[in-house]
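Take 1 as the starting number for the sequence shown in our numbering and just add one per residue. Here a beta-carbon is modelled for each residue, glycine too, at the ideal position from N, C-alpha and C. All figures in this text were calculated on a predicted structure; none of them were measured in a lab.
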Amino acid sequence: MKSKFTILLLLQAFIVLAQNTGQKYLVGAAKQEITYSDEDKIGLFGYGYYPQRTDSLNPASSQTYTRAITIKDPATGKRLIYVHADLGAIFNPIVESLLKRLKADDPSFDPTTLMVVATHTHTAPSGCSYYSSYMLPTPGIKPKLIEFYGEKMYLAVKEAQKKEKLATINIKKGSFPPEVPVIYNRSLQSYNLNPEIPQDFKQEDTHLAANREVLLFDFQDTSGKTFAVINFFGLHINEILNFHNFINGNSKGYAGMMTEEMLGVDAIAIYAQTAAGDVISADYHNIERFNKQMGQIIGDPNFHAYKEGSIEHAKWGGKTNADKTMEILKNPTQMQIHGGLASTLAFVDMSNVSVDTKFKISDKEERTSSPTMGIAALAYTNAFDDKHTPAKKLFTPIYGISQFIFAFQKPFLSKEDREYYKHLMESQSPKKIMLNGETKSTLGMRQETQTKNPFQKMLINQMASLDPAIQEFVRQRDLGALEEHTSLIEVLPNQIFRIGNVVIVGLATEITTIAAQRLQKAVLDEFKGQGVDMVIISSYANEYSGYTTTYEEYQNQRYEAGHTVYGKYQLAAFQTVFSRLAKDMVTGQKKSLDYGLRPPVFSQHELELRSNLKPLEGLERKMNFETSEKGEKKKVKKEK
């Protein structure tokens, strides 16, 4: 009996030791530079500002990279690939370009095992989506750019695979103290509407109304040395504004480079996004206080985050994040990842999702609708109370005109159209719709009637005189380049990685803090009893389709809500889709979703019409001198 008891104790001790040691995976990490200089005058993605474009002779003020981490289970041979890039967003053509290369090596390659994400820097080249609405400032599509990113990502993946070695994956946590000026809530009024909020945060509390926690994946080799990290911290990184016409990775880009230098040779540091939808790196609600504080930190008494932004601000943010990563790496491990690898992916028409009962707000049917953008999205300001800003004063009467036009047309609509608009208004209210991606309508004026109806033609031309992006729309419309499918995306990839006891949700939108918490809970509930301890939202994944807010935030119709394209039930729709995806993952039966659905295919003819367009003339960048990190000055026209 005594010997049996001793054996039992030894066995228990062995199990504890094994758990503490952590399961070994084969992990590889690598990077490739993606600072693009092959073409001239490419628009930068993020601000939608037409004159903001590159110069091939001096395109960048910092290097940018794509990084890849591969994780392989030695027991099963299953491999997951996490690719990250210093880009504004990931679009499906980039993913397809990478997949084409991976499948050329291995025709049986499983697309569900590949997740591609972006930092959401607002100063990276644009032109990688086939959906026109976000590509007007580029202008249009840049096929060479898409292939460039696909090739660089492929090289990073292949190098990472070659470098795979036995490693443990440790989860470590830390947080930024309240006094560190690194993160702020930019939509405080909306944030306060959520019932989860423990208090009514005041205007001076924006730094507290945010998730200041940092989560790290610490990849250690068998000697205990960290050779790669993934830093998950949700934060809009637009320290550098649209006054800057150079490629730059902003603070997350700088943080990656600085961390790699601190960790040593061949180290890889990914600074990924989570819930970045309503948090930002400058306190626009208390701008004078922030300018003074940041100006003192970086030694610039004239610093102004809202008017010009700053490379020095971005560098400081990068160094602050890198230092925090190095500090957290010294912390005890909160959790060690152990267990098998799994992945799943489903393309879903997010414009037509009926919300499951457990996520509904009311007893009636709740269903998403055609993607639209509202006044709040197209007239965004950073003011604390932006209900009466000049932009909204301009757009509101124009919206009123659109409502008048619709009221005039309504009696002549078919029964099917009346039902369509009835559902659209119910799903999208209280949004004041400016752009409908499915009907391709601007202010209620359909694309096909804008050139036939003299009043509509006059109104569109008047709007085009105010915004060069609308001028670009008119040009592409008249070229016949905007005829096929929708102008805003409807079919989105929804993905889940399972790395043992941790689940990563690949989400194609920018999601707010509380919305992400609700989505995490929805997924975690499906994995109850399955050994999953944590769910992480990895946003800007595989595609891009605006924002996701909570139902309560949507009612306030600030920028994030105006850019929540599928309506007020969008978060509940994602909760529905990802809970079904998780359920099918647990049961191993693909019954809850249509896994055969794929995005629509644009014809080569139309893509060519929208490809490699030269920017409209007379809209050159108007800005002051800017200096690249190479010390080169670029002379441009000064503001008049």
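Whole-angstrom distance between Gln334 and Glu632, CA atom to CA atom: To locate residue 632, count along the sequence shown from 1; it is residue 632. To locate residue 334, count along the sequence shown from 1; it is residue 334. Caution applies to Glu632, whose pLDDT of 37 falls short of 50 and renders its modelled position unreliable; the model cannot decide the point.
Given a cut-off of 9 Å on the beta-carbon distance, is the pair Ser362 and Tyr131 in contact? The sequence position of residue 362 within the sequence shown is 362, counting from 1. The sequence position of residue 131 within the sequence shown is 131, counting from 1. No.
Could you give the residue range of the beta strand (DSSP E) that holds Leu135? Counting from 1 along the sequence shown, the entry for residue 135 is found at position 135. The question names Leu, but residue 135 is Met in the sequence shown. Counting along the chain, Met135 falls outside any beta strand (DSSP E), and DSSP gives it neither H nor E.
Work out the CA separation of Leu329 and Ala13 for me, nearest whole Å. Working through the sequence shown from its first residue, we reach residue 13 at position 13. Working through the sequence shown from its first residue, we reach residue 329 at position 329. Because Ala13 sits at a pLDDT of 41, beneath the cut-off of 50, its placement in the model cannot be relied upon, and the point is left open.
Suppose the cutoff is 8 Å on Cβ atoms and the five residues either side in sequence are ignored; what does the same chain contact list for Phe5 look like? Reading the sequence shown from its first residue, position 5 is the one you call residue 5. With a pLDDT of 49 at Phe5, under the threshold of 50, the predicted position of this residue should be treated as unreliable, though the coordinate-derived value follows. Excluding residues within five positions, none has a Cβ falling inside 8 Å.
If contacts are defined as beta-carbon pairs under 8 Å, then Asp86 and Ile141 qualify, I think. What distance do you get, rounded to the angstrom? As a position in the sequence shown, residue 86 is number 86, starting the count at 1. As a position in the sequence shown, residue 141 is number 141, starting the count at 1. Actually they do not touch by this definition, with Cβ atoms about 20 Å apart.
Residue from Leu482, Asp218, Thr513 and Val577 whose Cα sits closest to the Cα of Ile197: Residue numbering aside, residue 197 sits at position 197 when the sequence shown is read from its first letter. Taking only the C-alpha atoms, the option nearest Ile197 is Thr513.
Spatial neighbours of Phe217 within its chain, please: C-beta separation below 7 Å, excluding the five flanking residues on both sides. As a working note, residue 217 is residue 217 in the sequence shown. Once the five neighbours on either side are set aside, the close Cβ partners of Phe217 are Ile169, Ile171, Val229 and Ile230.
Cross-strand partners of Gly43 (DSSP beta bridge): Locating residue 43 in the sequence shown gives position 43, counting from the first residue. In DSSP, Gly43 forms a bridge with Arg53.
Along the chain, where does the beta strand (DSSP E) containing Asp349 start, and where does it finish? Position 349 of the sequence shown, counting from 1, holds the residue named residue 349. That run of the beta strand (DSSP E) goes Leu341 to Asp349.
Count Cβ pairs between the stretch 231-242 and the stretch 262-278 that sit closer than 8 Å; are there 3 or more? yes
Would you be able to state if there are at least three C-beta pairs under 8 Å between the stretch 496-516 and the stretch 534-541? yes
Short Cβ contact (9 Å threshold) for Pro137 with Gly249: By 1-based counting over the sequence shown, the position of residue 137 is 137. By 1-based counting over the sequence shown, the position of residue 249 is 249. Cβ distance not < 9 Å, so Pro137 and Gly249 don't count as in contact.
How many angstroms separate the CA atom of Tyr544 from the CA atom of Met434? Translated into the one-based positions of the sequence shown, residue 544 becomes position 544. Translated into the one-based positions of the sequence shown, residue 434 becomes position 434. Taking the straight line from one Cα to the other gives about 19 Å.
Do you know whose CA, among Ala118, Ala561 and Ser133, lies nearest Tyr149's CA? The count along the sequence shown starts at 1 and reaches residue 149 at position 149. Selected option, being the one with the closest Cα: Ala118.
Close-in-space but distant-in-sequence residues of the same chain around Ala267 (CB under 6 Å, 5 per side omitted): Walking along the sequence shown from the start, residue 267 turns up at place 267. If we look at Ala267 and ignore the five residues flanking it on each side, its Cβ neighbours are Phe227 and Glu260.
Could you name the residues of the same chain whose beta carbon sits closer than 8 Å to that of Arg186, not counting the 5 residues immediately before and after it, in chain order? Taking the sequence shown and counting its residues from 1, one reaches residue 186 at position 186. Taken in chain order, the residues that qualify are Thr206, His236, Asp278, Val279, Ile280, Tyr284, His285 and Asn382.
Runs of 4 residues minimum, wholly inside the stretch 255-299: which ones carry the alpha helix (DSSP H) assignment? 287-298
Should the stretch 353-369 be regarded as contacting the stretch 566-573, the criterion being three or more beta carbon pairs within less than 8 Å? yes
Since His485 and Pro371 are thought to touch, with beta carbons under 8 Å apart, how far apart are those beta carbons, to the nearest angstrom? The sequence position of residue 485 within the sequence shown is 485, counting from 1. The sequence position of residue 371 within the sequence shown is 371, counting from 1. Not a contact, Cβ separation roughly 12 Å.
How big is the Cα-Cα spacing for Tyr154 and Asp533? Against the sequence shown, residue 154 aligns to sequence position 154. Against the sequence shown, residue 533 aligns to sequence position 533. Distance between the alpha carbons of Tyr154 and Asp533: 32 Å.
State whether the stretch 450-464 contacts the stretch 575-590, with contact taken as three or more CB pairs (one from each stretch) at a distance under 8 Å. no
Rounding to the nearest angstrom, what Cα-Cα distance links Ser175 and Glu606 in this structure? Residue numbering aside, residue 175 sits at position 175 when the sequence shown is read from its first letter. Residue numbering aside, residue 606 sits at position 606 when the sequence shown is read from its first letter. Taking the straight line joining both Cα atoms gives about 48 Å.
Does the separation of the CB atoms of Pro51 and Asn331 fall below 9 Å? Taking the sequence shown and counting its residues from 1, the one referred to as residue 51 is at position 51. Taking the sequence shown and counting its residues from 1, the one referred to as residue 331 is at position 331. No, the Cβ-Cβ distance between Pro51 and Asn331 is not below 9 Å.
State the Cα-Cα distance for the pair Gly374 and Gln428, rounded to the nearest angstrom. One-based indexing of the sequence shown puts residue 374 at position 374. One-based indexing of the sequence shown puts residue 428 at position 428. In a straight line, the C-alpha of Gly374 is about 9 Å away from that of Gln428.
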